[in-house]
Structures are given as structure tokens and as C-alpha cells.
Amino acid sequence: MKLVNVVKTSRLFVAALAVVVGSASAAMLPQAKSTSSLEQRIAPIGQVRIAGATPVAASGSQQARSGDAVYNQFCAACHTSGVLNAPKLNDAADWEARLAQGMDTVLRHAVQGFNAMPAKGTCGNCSDDEIQAAIDYMIAEL
Ligand code: HEC
26 MKLVNVVKTS RLFVAALAVV VGSASAAMLP QAKSTSSLEQ RIAPIGQVRI AGATPVAASG
86 SQQARSGDAV YNQFCAACHT SGVLNAPKLN DAADWEARLA QGMDTVLRHA VQGFNAMPAK
146 GTCGNCSDDE IQAAIDYMIA EL
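Just so we're aligned, residue 26 is where the sequence shown starts under the working numbering, counting upward by one.
Here you go:
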């Protein structure tokens, strides 16, 4: 093949490539425009609602949840019946020795996990303040 022909052929190829790339990016444009609807579609599914509790967003909620909401959603499963010796809701005998360690230690155990107590009591997106509020709720009536 002569050099001239090679140059002509590759020009044709580049032109064809430009058409393909051009139409591909055109096809992608509408998607870029609908980012917000994409965010809606991949948003967490629904909310968890427990009878008597304020509804709590599945994740990413900006507002701090109340101690009672966090407790009912995340802690109640173990702390209502005392699963694996979890200190029970408002049970003074269960809480006495634990509170004697000081609230800093109790909070640290709740946030970091402690034996069978999972870190943040499984509320992965809870702030330390929300965990503290849940603890306060658990000992409010001692
Ligand atoms: C899977 C069960 C389970 C869940 C869910 C759970 N806990 Fe616990 N929790 C335990 C167990 C078991 C212990 C006792 C651990 C030990 O003393 O060995 C405990 C202990 C604690 C203690 C006492 C720590 C100490 O220093 O003695 C606090 C405070 C606590 N949990 C807070 C919470 C909070 C707040 C939540 C919810 C956000 C929660 N837990 C969710 C099982 C659970």
C-alpha cells in the first residue's frame, strides 16, 4: 500500500471514530442531566417504623435521632430481654456495676463494642451523641 493510501485510509478511520465517539457521548448526555433522579433511584429503601416510635430514616439523616428512637430501632432486640447478659432497659441491678465504671467507659464500650455488645449496637451511622442518648434512655427510670 502506498503511503498516500495509508494516510487516506487512516483519515477515514479517524472520521468514522469521531462519529462513533460523538454519538456515544450524545447518548450519554441525557443520563448526566438526570443525576438527581438517579440519586432518588439509589436512595435507601424506605424507613423503619416501630410502633410508638418516631420514624427514623434508613441512613444519612441529618437530624440527630432521639434516644428512644435509636433504642427502639437498634438496641431493643438485645437490651429489652437481656440477650447474652445485655443490661436490661431500666433494670437498676443490671446497670449498677456498669455505671460505676463511669459514663465515659460505658459510652466507649457502647461505641467501640464490648464482648457480645456490637460496636454502636449495630447502628453504624449513629453519632456518639445518638448512642449516648440511647444509653440515657435505657437508664432514665433507674
Ligand atoms: C446483639 C445484641 C446487642 C445489641 C443490638 C445492642 N447491645 Fe448493648 N450490649 C449487649 C451485650 C451482650 C452487652 C453486655 C456485654 C458484656 O458486658 O459482656 C451489652 C452492653 C451494653 C452496654 C454496657 C457497656 C458496659 O460498659 O458495661 C451499653 C451502654 C450498651 N450495651 C448500649 C447499647 C446501645 C446504645 C445499643 C443500641 C444502639 C446496644 N447496646 C445494642 C448486646 C447488644
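Beta carbons are placed, not taken as given, at the ideal position from N, Cα and C, and that holds for glycine.
In this chain, the alpha helix (DSSP H) harbouring ASP119 covers 117-125.
When the beta-carbon positions are compared, ILE160 and ALA135 come within less than 8 Å of each other. Residue burial annotation: ASP154 is exposed, with fewer than 16 other C-beta atoms found within 10 angstroms of its C-beta.
MET142 places its beta carbon 8 Å or farther from that of ALA94.
Bounds of any alpha helix (DSSP H) do not take in THR105, whose DSSP letter is neither H nor E. For LEU109, the shortest C-beta to heavy atom distance toward the ligand HEC is below 7 Å.
The residues VAL108, in chain order, have a CB closer than 8 Å to that of ALA102 in the same chain once the five nearest residues on each side in sequence are set aside. Placement of the Cβ of THR147 at a distance of less than 7 Å from at least one heavy atom of the ligand HEC is found. In this structure ALA158 is in contact with GLY92, their Cβ atoms being roughly 3 Å apart against a cut-off of 8 Å. Taking all protein chains in view, the Cβ of ARG90 is crowded by 16 or more other Cβ atoms within 10 Å, so the residue is classified as buried. Of the residues assessed, ASP129 falls on the exposed side of the cut-off, its CB having fewer than 16 other CB atoms within 10 angstroms. Short of 8 Å from the beta carbon of GLN137, and not among the five residues preceding or following it, lie these beta carbons of its own chain, in chain order: ALA144. Counting along the chain, TYR162 sits inside the alpha helix (DSSP H) bounded by residues 153-163.
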